[in-house]
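Heads up: the sequence shown runs through residues 769 to 1398, numbered per our numbering.
The beta carbon of each residue, even a glycine, is placed where N, CA and C say it ideally should be.
Note that this is a predicted model, so its numbers are computed, not measured.
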Amino acid sequence: MPRKSDILVVDDNVSLAKTLQDVLETQGYNTTIVHDGQTALNLHRKNVFDIILVDIKLPDISGIDLTKKLAELSPVVKCIIITGYASLDSAVDAVSQKSIVGYLTKPLDMEYLTLLIRQVTEREQAEEVLQVERNKLQSLVDVMEDGLTIQDTEYNIIYQNEPSRIATGGDHLGEKCYRVYEGRETVCDGCPMEEAFKDGKSHTVERRTIISGEVVFWANTANPIRDASGEIVSCLEITRNITKRKQAEEALIELGHMKSEFISRVSHELRSPLTAIHQFATILLDGLAGDISSEQREYLEIVLRNINQLRVMVNDLLDVNRAETGRLTINPRYVSLAELVSEIIGAFRVTTTKGVLLTTDLPKGLPPICADPDRVREILTNLIDNAIKFTPEKGRVVIGAEVYKRDPNFVCVAVSDTGCGIRLKERERIFEYLYQAQSSGVAGRKGLGLGLYICRELVRRHGGRIWLESELEHGSKFSFTLPIYSVANLLAPILTKTNLRIGGIAILTIKVFPVKERPLTVTDETALQEVWDVINGCILPSKDVLLRIMPHTQLGEVFYVVMCADRRGAEALVRRIREHLKCCEALHNARLKWTISISMLETALAGSDEPSKEVVKKVADRIEELVKSV
């Protein structure tokens, strides 16, 4: 509840002063009356009044002079002049005094006087409340760790708290903000205040300074301040010391580099002895070093199985390390999923001795996928191997695939089993790093728990997703999606309005084949991959696309580059590719040669803001014609 205001009436007219006292006290004000200026001054020294009514003519001092003396005692005092001798000079004097808030003539309008007093007291009380809130806010600002700086639209600093003064190296009130860091070793990527004034949005930059020989990092966030009409009138900058955070980030990055280097080095160091052990165990099993007994063969087979398991673990460690460092690469191309699944199933049927039926459920006419065949082989091998391990003897594992019903641009591949199933709480974590399900029915589970994590990363890098459906004692089903191979979809990102304004599209056909006609071997794949890498390094991703439309035949492979360019631009790219292929050692070692030809397709954009579907289809059809003619 607001307190009662104290009012002092200073008037030598005793009757009027008493009347004023009675009226004001009925309004709830504490009212005191005196009849001369000196008594008023003495009382005000002891008890500061909220409002003082002053007669302009007093026996010892003029009312105007009294208000000046009262203001000297209390700068916030509020005075109202009451006079029966109003004049222009006295009115001007009254207006010029900050302490005088009213000028009333006698006879007084009591209703207007009480209204004026009420307005003044309410304003006073509101200012008191506001001042309390200001004091609270100032206390919070003073104890906060972040620096606060406010500057006007002319970039003059109009407020700083103590942390701001520490961050800027002193008090800079009235200075231009861009002069604050002059003479100090400072690295800052832009000015957040300037950006905030330009677009009216919050902006953050990081700044580095040298304080007492130590590197200190700051995060500066500028926020525009607007008036009631929405116009930006100033800007608040928050300066936060982020040195500890930056040090922690740097330490974490360094730890990650150390971890990555350690895993990479250890994995590579393990590969050599494992390869040697594997080779000698194979030599012994094949009888190349002499006859061995059945018992020795059994022991050697155990050794070989464990060596193979270790080799898988080492490869998994390397893949995880590549995934965490962004170096887990894929090389998508045209892949026949049916042929790839058939190849994988055949390998499992030869090597798997456990009595589990392995079958496929693939529809006829399944579209090709755009994927890295080695990575898809890795995904399926891992999922099938897990399915077999979790499926009891005489159980069944099925590999199926179909066009994904939720998105016809993808194929959905599924590996289902009739095994023990996976608990709900384990299903939620099954793709996590180093996590292994502890499902019943499988003893001596081996591995590092990296296989499904790697599968998820590989599927993601293909633009797909992987998930699990399972029910205890009824088996599990792992499903993942891979994009369907579509020349049109691959072309669409480069066939933009800007690119098509060039007026032409060039198609480069790069054929790679043996010097002497012979079937390609597995070792030739290394050279073909290097050709892909060379071409990929020569093109511009925003204007060109490299296509590997068909799997290589026994006699060679064909790569296609589609580029938005005229013939001159196409010939320039051909020269660049030729120069790089001449330096490709793998090609020379494999005794493979190559040819490059150019086919031009003139185009015109029909004024649409979007790439024309007709243009995309026309280019895709032309490429298909080239493929058929090879």
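C-beta atoms of residue i and residue j nearer than 7 Å
i: Val1165; j: Val1124; result: yes
i: Leu1259; j: Val1387; result: yes
i: Thr1391; j: Val1255; result: For the record, residue 1391 in the displayed sequence is Ile; it is not Thr. Result yes, Cβ atoms of Ile1391 and Val1255 sit closer than 7 Å.
i: Thr835; j: Ser783; result: no
i: Leu1056; j: Leu1068; result: no
i: Ile1252; j: Asn1177; result: yes
i: Leu1148; j: Ala1106; result: no
i: Leu1042; j: Leu1078; result: yes
i: Gly1243; j: Gly1168; result: no
i: Pro827; j: Asp779; result: no
i: Arg1343; j: Cys1306; result: no
i: Leu792; j: His812; result: no
i: Arg1195; j: Leu1151; result: no
i: Ile1278; j: Ile1190; result: no
Residues bridged to residue i [DSSP beta-bridge criterion]
i: Pro992; result: Cys1003
i: Phe1199; result: DSSP lists no partner for Phe1199.
i: Trp1419; result: No answer is possible for residue 1419: the residues shown for the chain start at 769 and end at 1398.
i: Met1368; result: Ala1274
i: Glu1325; result: Val1280
i: Cys1138; result: Tyr1102
i: Asn924; result: Lys944
i: Ser830; result: Lys825
Coarse secondary structure for residue i, derived from DSSP in three states
i: Ala1358; result: coil
i: Gln919; result: strand
i: Pro1041; result: helix
i: Val1415; result: For the chain, the structure presents residues 769 to 1398; residue 1415 sits outside this window and is missing.
i: Tyr797; result: coil
i: Thr1294; result: helix
i: Gln865; result: coil
i: Cys1332; result: strand
i: Pro1176; result: coil
i: Pro1282; result: strand
i: Asn1009; result: strand
i: Gly942; result: coil
i: Gly1219; result: helix
i: Ala1169; result: strand
i: Leu1308; result: coil
i: Glu1161; result: coil
i: Cys847; result: strand
i: Thr936; result: helix
i: Leu1373; result: Caution applies to Leu1373, whose pLDDT of 46 falls short of 50 and renders its modelled position unreliable; the value that the coordinates give is listed next. Leu1373: coil per DSSP, three-state reduction.
i: Arg1316; result: coil
i: Ile870; result: Checking the sequence shown, residue 870 turns out to be Gly, not Ile. Gly870: strand per DSSP, three-state reduction.
i: Asp1185; result: strand
i: Ile819; result: strand
Residue i burial status per 10 Å Cβ neighbour count (16 or more: buried)
i: Arg1346; result: exposed
i: Asp995; result: exposed
i: Ile848; result: buried
i: Arg1359; result: exposed
i: Leu1240; result: exposed
i: Lys1193; result: exposed
i: Gly1114; result: exposed
i: Asn929; result: buried
i: Gly1212; result: Confidence at Gly1212 is low in this model, with a pLDDT of 45, below 50, so its placement is unreliable and no value can be given for it.
i: Ile1222; result: buried
i: Ser1397; result: exposed
i: Pro1141; result: buried
i: Met878; result: exposed
i: Cys945; result: buried
i: Arg1224; result: buried
Own chain residues within Cβ distance below 8 Å of residue i, not counting five before or after
i: Asn1304; result: Leu1314
i: Arg1335; result: Gly1272, Ala1274, Ile1366, Met1368
i: Asn798; result: Lys772, Ser773, Asp774, Ile775
i: Ala1338; result: Ala1274, Leu1276, Met1331, Ile1366, Met1368
Own chain, CB closer than 6 Å to residue i, minus 5 neighbours either side, in chain order
i: Gly915; result: Pro931, Ser932, Ala935, Thr1007
i: Val860; result: none
i: Ser970; result: Asn991
i: Ile801; result: Val777, Ala785, Gln789
i: Ile918; result: Ile926, Tyr927, Ser1002, Leu1004
Close beta carbons around residue i, own chain, < 7 Å, minus the five adjacent residues each side
i: Lys1122; result: Ile1156, Glu1161
i: Tyr1172; result: Phe1178, Val1179, Cys1180, Thr1249
i: Val1280; result: Leu1296, Val1299, Gly1324, Glu1325, Leu1360, Trp1362
i: Arg1229; result: Leu1096, Ile1098
Distance cut-off 6 Å: residue i Cβ against heavy atoms of the ligand SAM
i: Thr1363; result: As presented, the structure is devoid of all ligands, the ligand SAM included, so that no description of it is given.
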